[in-house]
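Have a look at the structure below before the remarks.
2 protein chains.
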Amino acid sequence: LYKPLVDNLKKRSPSYPEDEINMLISRMAVENVASKTILLHEGSICKFSAYILEGCFRYFTTNADGAEFVTQFAFDDWWMGDMQSIINNVPTKFNIESLADSTLLKISAEDYNYLLKNSPAFAIFNQKARAKAYQSAVERSMDLRVDAETRYNNLINNYPNIIQKVPQYHIASYLGITPESLSRLRKKMAS
Amino acid sequence: LYKPLVDNLKKRSPSYPEDEINMLISRMAVENVASKTILLHEGSICKFSAYILEGCFRYFTTNADGAEFVTQFAFDDWWMGDMQSIINNVPTKFNIESLADSTLLKISAEDYNYLLKNSPAFAIFNQKARAKAYQSAVERSMDLRVDAETRYNNLINNYPNIIQKVPQYHIASYLGITPESLSRLRKKMAS
Chain A
3 LYKPLVDNLK
13 KRSPSYPEDE
23 INMLISRMAV
33 ENVASKTILL
43 HEGSICKFSA
53 YILEGCFRYF
63 TTNADGAEFV
73 TQFAFDDWWM
83 GDMQSIINNV
93 PTKFNIESLA
103 DSTLLKISAE
113 DYNYLLKNSP
123 AFAIFNQKAR
133 AKAYQSAVER
143 SMDLRVDAET
153 RYNNLINNYP
163 NIIQKVPQYH
173 IASYLGITPE
183 SLSRLRKKMA
193 S
Chain B
3 LYKPLVDNLK
13 KRSPSYPEDE
23 INMLISRMAV
33 ENVASKTILL
43 HEGSICKFSA
53 YILEGCFRYF
63 TTNADGAEFV
73 TQFAFDDWWM
83 GDMQSIINNV
93 PTKFNIESLA
103 DSTLLKISAE
113 DYNYLLKNSP
123 AFAIFNQKAR
133 AKAYQSAVER
143 SMDLRVDAET
153 RYNNLINNYP
163 NIIQKVPQYH
173 IASYLGITPE
183 SLSRLRKKMA
193 S
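Chains A and B are the protein sequences, given in the same order.
Mind the numbering: the first sequence is residues 3 to 193 in the numbering used here, read in order.
Mind the numbering: the second sequence is residues 3 to 193 in the numbering used here, read in order.
Now the structure itself:
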């Protein structure tokens, strides 16, 4: 059950010691999540992080008028949660919703912070993952400067299966365009 | 000389031990940087991180046509450098240029990574700072979905002195609008 996580840790950090892997795994618990479950609510403190064994999720935030904006998706083998909220103990600005029946390996925010302090390999793994996530977020902000067609192509190149997994209106929200514009764009690309 | 840095460390991490502060400081060196110096080149590995004692910088990236896009500014008391490049040892996608004569406390990427492994307080400080930077990057990507006037207001609220410090065409590039549009926007706001 823990194999995908262990493989993932060893792939990214080949020198991750066995005892520290066990230290992490012993603090994780399997959780099955039904589709359309809200796992995190904007304004609350994020109480967990999770490794996605199988599933599909969207992060979204709302503006003053209550309109939703999809900021990110998450798939198999990704870590999920709001690190800013977990590490700095501040309210999250995000909601997380499952878009399919999913299976997680969950760890509490408390245990996550414990490992950051007491497992050097986990701390280094986390640093590497954070640096990469930051880079993605900056690239995403660059992405919003280009036209919708380029944005759509970038998304498809990064996540070839996203069209099968995620409803079109969430993809449109992520791209910052209307579902109608996305539909026109897809027809244009297909022809 | 090191006082602003020490104050900043203690403000963010009150329990930062003295011996670990000394461990950090002993690996830093003062560097004066003239205005319009490029400190980091797109495509290279970032070899340093720096605490800005005094100064003003812009991060920018270029597209396939050579056009520049300002992605970020940095001011007094900020840490500077490309963590993704430093920690994961990959080429940076950014250029960093000084916009004023500036004074830095510089640390090599090698020493930065050494401290992440050998100074628990520095590792935790870095984790907190990374989580915050990630949050800012995500907010920035949200920001690019709103209209230019709101973006300008957000910028001025976050950095009230930016207009005095940064040339207008760099601010326009950051906002993703032309200098002429920024000029019209400023006139409209002033009236």
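We put the beta carbon where it would ideally sit given N, CA and C, even for glycine.
Practice task
Tell whether a beta-carbon distance below 8 Å holds between A/L106 and A/E44.
Solution key: no
Practice task
Starting from B/C58, follow its DSSP beta bridges and name the residues at the other end.
Solution key: Answer is B/F77.
Practice task
Measure from the alpha carbon of B/K49 to the alpha carbon of each residue in B/N156, B/L184 and B/I109, then state which is nearest.
Solution key: B/I109
Handout entry: Environment of B/R208 [buried if 16+ CB atoms lie within 10 Å]
Key = Only positions 3 to 193 of chain B appear in this structure, which leaves residue 208 of chain B out of reach.
Handout entry: Inter-stretch contact (C-beta, 8 Å, three-pair minimum) for the region 135-153 of chain B and the region 138-146 of chain A
Key = yes
Problem - Contacting positions in the region 61-83 of chain A - beta carbon closer than 7 Å to chain B - result: T63, F71 and T73
Exercise for the section: Using beta-carbon positions only, say whether A/S37 and A/G83 come within less than 8 Å of one another. Expected result: no
Handout entry: Residue of A/Q74, A/M85, A/K95 and A/N91 minimising C-alpha distance to A/A66
Key = It is A/K95.
Problem - Partners in chain A for B/Y2, counting only beta-carbon separations shorter than 7 Å - result: Outside the shown range of chain B (3 to 193) lies residue 2 of chain B, about which nothing can therefore be said.
Handout entry: Coarse secondary structure for A/L3, derived from DSSP in three states
Key = coil
Exercise for the section: Classify B/Y18 as helix, strand or coil using the three-state DSSP reduction. Expected result: coil
Practice task
Using a threshold of 8 Å, state whether the C-beta atoms of B/L184 and B/A192 are closer than that.
Solution key: Their beta carbons are not under 8 Å apart, which means B/L184 does not touch B/A192 by this criterion.
Problem - Per-residue burial, B/N163 [other beta carbons within 10 Å of its own, 16 or more giving buried] - result: exposed
Handout entry: Contacts around A/Y53, its chain only, beta-carbon distance under 6 Å, and the 5 residues preceding and following it disregarded
Key = Excluding its 5 nearest sequence neighbours in each direction, A/Y53 has C-beta neighbours in its own chain below 6 Å: L7, W81 and L107, listed in chain order.
Exercise for the section: Could you tell me which residues DSSP puts in a beta bridge with A/V72? Expected result: As a beta-bridge residue in DSSP terms, A/V72 pairs with A/F62.
Handout entry: C-beta neighbour in chain B for A/Q129, strict 8 Å
Key = yes
Exercise for the section: Could you confirm whether any beta carbon from chain A is found closer than 8 Å to the beta carbon of B/R153? Expected result: Output row for B/R153: interface = no.
Handout entry: A/Y136 versus A/G57 - alpha carbon distance
Key = Distance between the alpha carbons of A/Y136 and A/G57: 23 Å.
Practice task
Reducing DSSP to helix, strand and coil, say where B/F50 ends up.
Solution key: strand
Practice task
Would you kindly report the start and end of the unbroken beta strand (DSSP E) that includes A/S110?
Solution key: S104 to S110
Handout entry: Proximal residues of chain B, C-beta to C-beta of A/L146 below 7 Å
Key = Within chain B, the residues placing a beta-carbon under 7 Å from that of A/L146 are S143, L146 and R147, ordered along the chain.
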